[in-house]
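See structure below.
Protein chains: 2
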Amino acid sequence: MSRRVTMADVAREAGVSLMTVSRALNDKDGISDATRERIQEVIVRLGYRPSSIARGLVTKRTGTIGLVVPDNSNPYFSEVARGVEHTAYANNYSVFLCNTEEDPEREKAVLHSLAEKYIDGLVLCSSRLTEEDLRDCLKDFSAQVLLNRLFTSSSATMVLAHDEQGARLAIQHLLERGHRLIGNLAGPERSYGGLMRVQGYAGALYDAGLSYEPDWIQHCAPTVDASQQAAAELLTRHPELTALVCFNDLVAVGALKACRNLGIAVPKDLAIVGFDDIPLASLVTPALTTIHVQRYEMGRLAGETLMRQIKGEKERSVHLLPVTLMIRDSAP
Amino acid sequence: MSRRVTMADVAREAGVSLMTVSRALNDKDGISDATRERIQEVIVRLGYRPSSIARGLVTKRTGTIGLVVPDNSNPYFSEVARGVEHTAYANNYSVFLCNTEEDPEREKAVLHSLAEKYIDGLVLCSSRLTEEDLRDCLKDFSAQVLLNRLFTSSSATMVLAHDEQGARLAIQHLLERGHRLIGNLAGPERSYGGLMRVQGYAGALYDAGLSYEPDWIQHCAPTVDASQQAAAELLTRHPELTALVCFNDLVAVGALKACRNLGIAVPKDLAIVGFDDIPLASLVTPALTTIHVQRYEMGRLAGETLMRQIKGEKERSVHLLPVTLMIRDSAP
DNA sequence: CTGAAAGCGCTAACAC
DNA sequence: GTGTTAGCGCTTTCAG
Numbered sequence: 000m001s002r003r004v005t006m007a008d009v010a011r012e013a014g015v016s017l018m019t020v021s022r023a024l025n026d027k028d029g030i031s032d033a034t035r036e037r038i039q040e041v042i043v044r045l046g047y048r049p050s051s052i053a054r055g056l057v058t059k060r061t062g063t064i065g066l067v068v069p070d071n072s073n074p075y076f077s078e079v080a081r082g083v084e085h086t087a088y089a090n091n092y093s094v095f096l097c098n099t100e101e102d103p104e105r106e107k108a109v110l111h112s113l114a115e116k117y118i119d120g121l122v123l124c125s126s127r128l129t130e131e132d133l134r135d136c137l138k139d140f141s142a143q144v145l146l147n148r149l150f151t152s153s154s155a156t157m158v159l160a161h162d163e164q165g166a167r168l169a170i171q172h173l174l175e176r177g178h179r180l181i182g183n184l185a186g187p188e189r190s191y192g193g194l195m196r197v198q199g200y201a202g203a204l205y206d207a208g209l210s211y212e213p214d215w216i217q218h219c220a221p222t223v224d225a226s227q228q229a230a231a232e233l234l235t236r237h238p239e240l241t242a243l244v245c246f247n248d249l250v251a252v253g254a255l256k257a258c259r260n261l262g263i264a265v266p267k268d269l270a271i272v273g274f275d276d277i278p279l280a281s282l283v284t285p286a287l288t289t290i291h292v293q294r295y296e297m298g299r300l301a302g303e304t305l306m307r308q309i310k311g312e313k314e315r316s317v318h319l320l321p322v323t324l325m326i327r328d329s330a331p
Numbered sequence: 000m001s002r003r004v005t006m007a008d009v010a011r012e013a014g015v016s017l018m019t020v021s022r023a024l025n026d027k028d029g030i031s032d033a034t035r036e037r038i039q040e041v042i043v044r045l046g047y048r049p050s051s052i053a054r055g056l057v058t059k060r061t062g063t064i065g066l067v068v069p070d071n072s073n074p075y076f077s078e079v080a081r082g083v084e085h086t087a088y089a090n091n092y093s094v095f096l097c098n099t100e101e102d103p104e105r106e107k108a109v110l111h112s113l114a115e116k117y118i119d120g121l122v123l124c125s126s127r128l129t130e131e132d133l134r135d136c137l138k139d140f141s142a143q144v145l146l147n148r149l150f151t152s153s154s155a156t157m158v159l160a161h162d163e164q165g166a167r168l169a170i171q172h173l174l175e176r177g178h179r180l181i182g183n184l185a186g187p188e189r190s191y192g193g194l195m196r197v198q199g200y201a202g203a204l205y206d207a208g209l210s211y212e213p214d215w216i217q218h219c220a221p222t223v224d225a226s227q228q229a230a231a232e233l234l235t236r237h238p239e240l241t242a243l244v245c246f247n248d249l250v251a252v253g254a255l256k257a258c259r260n261l262g263i264a265v266p267k268d269l270a271i272v273g274f275d276d277i278p279l280a281s282l283v284t285p286a287l288t289t290i291h292v293q294r295y296e297m298g299r300l301a302g303e304t305l306m307r308q309i310k311g312e313k314e315r316s317v318h319l320l321p322v323t324l325m326i327r328d329s330a331p
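Taken in sequence, the protein lines are chains R and Y. Note that numbering that gives the first Met the number 0 has the first sequence beginning at 0, numbered continuously upward. Note that numbering that gives the first Met the number 0 has the second sequence beginning at 0, numbered continuously upward.
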């Protein structure tokens, strides 16, 4: 590829000045229809592409945003990402996708790299950073939206699923079906969402005048394998449990597998409720009763919110997305 | 956020010239350790971030690549994306992620937008464009890797899964188990991978001295719902079939559901083989026998290949990734 | 070892 | 309607 064609080439070829080309490009007025068309023709003929790099240098706007997620191959985040990307595209923005792989060092690294790219805004998902590190990193960005994490010591805009409410819905559903001994496969110990979900579990039981054994709560990594083992331990330790709420659907599937091994029939012997409603949830057997989280909508909302922020509008700081109970076969 | 700190600020504060700061930044020599450290200190103190925009304008290298996929929420592509992003990160590159949503117009639009961003390279997945449109779009990029599509009239580098071989493995497995009447839920009619998979199906049967009815091949959209309906039609039309190979795992899951409705026992009455081995495959009941495609590795390889291309190395043009048969319960 | 000058491709501000 | 000048923040080239 030889030298790329520049605005100067177009100007020369069309017999006008740089400014006139620039105006034609940006649909500004103060230019006759004739020249506009002539320039347009030259642009097409030469295959000219304006350089958003050069433009960005002068306008201080790059037309790009950053999206940082723990792992794009996790269906939860890939769906969020699609929502963000969709909104960005609709607003003529491009998005940098970065995976942190749950590694705080890597998270800092990608945030620094995004800062050097002079992105116009940032959507940050579920950060592993301490509040201090986070504050330090975020100061490089003028527009930002935090997902799934409440960041108390900042005025950053946040978009959250109503995790606590979701857990409450799950418990209420089980209580209505007569369950009183409800275990909790609670996922990672230090996840903000996980914490809220445990809070909803405890709160719903408390409100019903019931209590739970701390030992009914078992943490585990949010994967099928880790959960399968954790579920086996929990259910062996507490065979009296008649129901299990799970951190998310993957964990619930692990529990399902554990039950199959232990000869526990779901939902007859044990009811299981998941969380998130990823596509998998409706495809396993028995299909999972779970809490539906609007992941695409979450990404979309984060994107829209960010776009408004970039345009300089004031934003309210917390958006709480409602969740709903999906009743399927694992806890009918 | 006030004005961002620039190299000039650092230079002034450190009492040196712009050039010296630039040299310190880029680890060039011709600068004493003392000044280097002093500059480093000032950089940290001021929170200076070099502008990759300004740098890009002069160096013609932006440190960014583009990744275009049909749909990032599809587990196939989200995994490919993770592979690409991982390699990019390891090479200090950032990735623009774009979804085309299978829309050729949108695909052209994102490619144009990426061209204006002056990305250093492009990974393009499974294009819907005609060869002519594609050639036209690709000429804006100096380094490029095409995924899952053979582009005959170009010297572009390509990374492909061995789709035909995969289909052959599936058929051979079924033949070994005595199946002779094998249907094909063949997915979208105009997908390159789909075409190759049908070719493998036909080829393997032909090589075994067997034939198949054209009517045993039924196309459908690659979703669970579309496939469920298509499978029901096919199996009703041809109850003699004893096995079914499917375009991908989602289609296979649709077939599984159709069988459940029709009272067909899998694998006893009908064996089913999927394709891709997405996480879902091992989690449904019965677990899917399927063809494993190394999606992450595909992304990684595409990324590595692109990086070498960017560095100016000559690349061989076609990388064919091997696939393997995963025997599970749907066709033991 | 360090600095001054020029320029990357574009737009903002002001002429004509 | 259109052109001229200056400059965005950096690196390259050439002097010292």
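Note that the Cβ used here is the ideal one computed from N, Cα and C, for glycine as well.
Distance check for residue j and residue i, CA to CA, integer angstroms please.
i                      : j                      : result
residue 122 of chain R : residue 178 of chain R : 40 angstroms
residue 242 of chain R : residue 300 of chain R : 34 angstroms
residue 275 of chain R : residue 239 of chain Y : 41 angstroms
residue 51 of chain R  : residue 80 of chain Y  : 24 angstroms
residue 9 of chain R   : residue 37 of chain R  : 10 angstroms
residue 124 of chain R : residue 69 of chain R  : 7 angstroms
residue 75 of chain R  : residue 34 of chain Y  : 48 angstroms
residue 160 of chain R : residue 226 of chain R : 23 angstroms
residue 83 of chain Y  : residue 71 of chain Y  : 13 angstroms
residue 213 of chain R : residue 143 of chain R : 38 angstroms
residue 53 of chain Y  : residue 186 of chain Y : 47 angstroms
residue 28 of chain Y  : residue 13 of chain Y  : 18 angstroms
Please classify residue i as buried or exposed, where buried requires at least 16 neighbouring CB atoms within 10 angstroms.
i                      : result
residue 256 of chain R : buried
residue 260 of chain Y : exposed
residue 266 of chain R : buried
residue 2 of chain R   : exposed
residue 0 of chain Y   : Summary for residue 0 of chain Y: the model assigns pLDDT 49, below 50, so the residue's position carries little reliability, and this model does not support an answer.
residue 139 of chain R : buried
residue 205 of chain R : exposed
residue 287 of chain R : buried
residue 119 of chain R : buried
residue 111 of chain Y : exposed
residue 319 of chain R : exposed
residue 326 of chain R : exposed
So what does DSSP say about residue i, is it helix, strand or coil?
i                      : result
residue 171 of chain R : helix
residue 122 of chain Y : strand
residue 237 of chain Y : coil
residue 19 of chain Y  : helix
residue 345 of chain Y : Because chain Y in this structure spans residues 0 to 331, residue 345 of chain Y falls outside the shown range and cannot be described.
residue 291 of chain Y : strand
residue 178 of chain R : coil
residue 260 of chain Y : helix
residue 280 of chain Y : helix
residue 242 of chain R : strand
residue 68 of chain Y  : strand
residue 270 of chain R : strand
Name the one or two DSSP bridge partners that residue i has.
i                      : result
residue 93 of chain R  : R/63
residue 157 of chain Y : Y/145 and Y/317
residue 218 of chain Y : Y/186
residue 323 of chain R : R/291
residue 136 of chain R : Note: residue 136 of chain R sits in no beta bridge, so no partner.
Report the residue from the options whose alpha carbon sits nearest the alpha carbon of residue i.
i                      : options                       : result
residue 115 of chain Y : Y/128, Y/136 and Y/99         : Y/136
residue 195 of chain Y : Y/91, Y/148 and Y/108         : Y/148
residue 170 of chain R : R/46, R/197 and R/155         : R/197
residue 113 of chain R : R/129, R/98 and R/289         : R/98
residue 277 of chain R : R/269, R/264, R/248 and R/303 : R/248
residue 165 of chain Y : Y/45, Y/203, Y/151 and Y/142  : Y/203
residue 262 of chain R : R/281, R/282, R/234 and R/12  : R/234
residue 96 of chain R  : R/90, R/102, R/64 and R/7     : R/64
residue 24 of chain R  : R/48, R/11 and R/4            : R/48
residue 62 of chain Y  : Y/321, Y/328, Y/309 and Y/329 : Y/309
residue 250 of chain Y : Y/294, Y/218 and Y/153        : Y/218
Heavy atom of the ligand SAM less than 8 angstroms from the Cβ of residue i, yes or no?
i                     : result
residue 96 of chain R : Inclusion of the ligand SAM in the displayed structure is not the case, the ligand content being empty and no account of it being possible.
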